[in-house]
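Novice:
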Amino acid sequence: MKEVTVVGQTVEEALQSALKQLQATEEQVEIDILDEGKKGVLGLFGRRPASLKVRMKADPIREAKSYILSIAAHLGVHPDIQVKRQGKKVFFSLSGEKIALLIGKRGQTLNALQQLTQLVINRHSNDFIQFQLDAGDYRKKREETLTALAKRMAEKVETAGKTIRLEPLPAAERKIIHAALAGNRRIDTFSEGTEPKRYVVIAPKSK
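As numbered in our numbering, residues 46 to 252 make up the sequence shown, in order.
1) To the nearest angstrom, report how far apart Ser140 and Leu114 are at their CA atoms.
2) What residues in its chain sit with their C-beta under 6 Å from that of Leu146, if we drop five residues either side in the sequence?
3) In whole angstroms, give me the CA-to-CA distance for Ala95 and Ala103.
4) Apart from the five residues just before and just after Gly149, which ones in its own chain have a Cβ nearer than 7 Å to its Cβ?
5) Distance, Cα to Cα, Glu108 vs Asp125?
6) Just the C-alpha distance for Asp179 and Lys143, rounded to the nearest angstrom, thanks.
7) On the DSSP letters alone, give me the boundaries of the beta strand (DSSP E) that Lys186 sits inside.
8) Roughly how far, in whole angstroms, is the beta-carbon of Tyr183 from the beta-carbon of Arg210, given that I think they are within contact range, below 8 Å?
9) Please state whether DSSP places Thr50 in a helix, a strand or coil.
10) Could you compute how far the alpha carbon of Gln160 sits from the alpha carbon of Gly82?
11) Would you kindly work out how many angstroms separate the C-alpha atoms of Ile174 and Ile166, rounded to a whole number?
12) Can you tell me where the beta strand (DSSP E) with Ala157 in it begins and where it stops?
13) Taking just the CA atoms, how far does Lys47 sit from Tyr55?
14) Quick check on DSSP: helix, strand or coil for Leu147?
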């Protein structure tokens, strides 16, 4: 966290100096007054400058961005981050060269990075923030892939009359499968198993 110690003839003068150095507003900082200073006799004798310690307040969005960039740098990736906030929901979208390294096989790296950043962002926030991370529009493409898969598997279940168990999927992806088949009255979908090996079952409708 950025912090400076400054002195000035008055507390206000020292504060303005700190804000300039931190390139921040007063609302963005926390202030510790180390010494309020002393004017001295006739403004000259015994005068003592004011001394402050000023630091930036924790900003959950800034901390999350910094965390992601540091992890990405270790992988040799330097992404651009677009931030969108809707109430207590925050969406980060990553783009740039070698972005696939941040996605990983079937989004495993992206999902892990999302979970870790979720912890970071809420450690620096007074209120719980729901965080979602995307890279190279992967989430949308993955949703389209899973929706198509769900419909193909549902057709097989209807044709053969046999139950199909999909491979283990994260909770958010299982939700996509369930949603894609929610309107199909000829089949049932439900989840079985325990995390992280919980999977979706597509079965003929019970009579």
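From the three backbone atoms N, C-alpha and C, an ideal C-beta is built for every residue, glycine too. Owing to the predicted nature of the structure, the values given are computational and were not obtained by experimental measurement.
Specialist: Taking the geometry as given:
1) 12 Å
2) Leu120 and Val122
3) 25 Å
4) Leu155
5) 15 Å
6) 14 Å
7) It is not in any beta strand (DSSP E) - Lys186 instead sits in the alpha helix (DSSP H) that spans Tyr183 to Ala205.
8) Going by Cβ atoms, the distance from Tyr183 to Arg210 rounds to 25 Å, so no, they are not a contact pair.
9) strand
10) 47 Å
11) 7 Å
12) Unbroken run through Ala157 is the alpha helix (DSSP H), Gln153 to Arg168; no beta strand (DSSP E).
13) Reading the sequence as shown, one finds Thr at residue 55 and not Tyr. The alpha-carbon atoms of Thr55 and Lys47 are separated by roughly 22 Å.
14) helix
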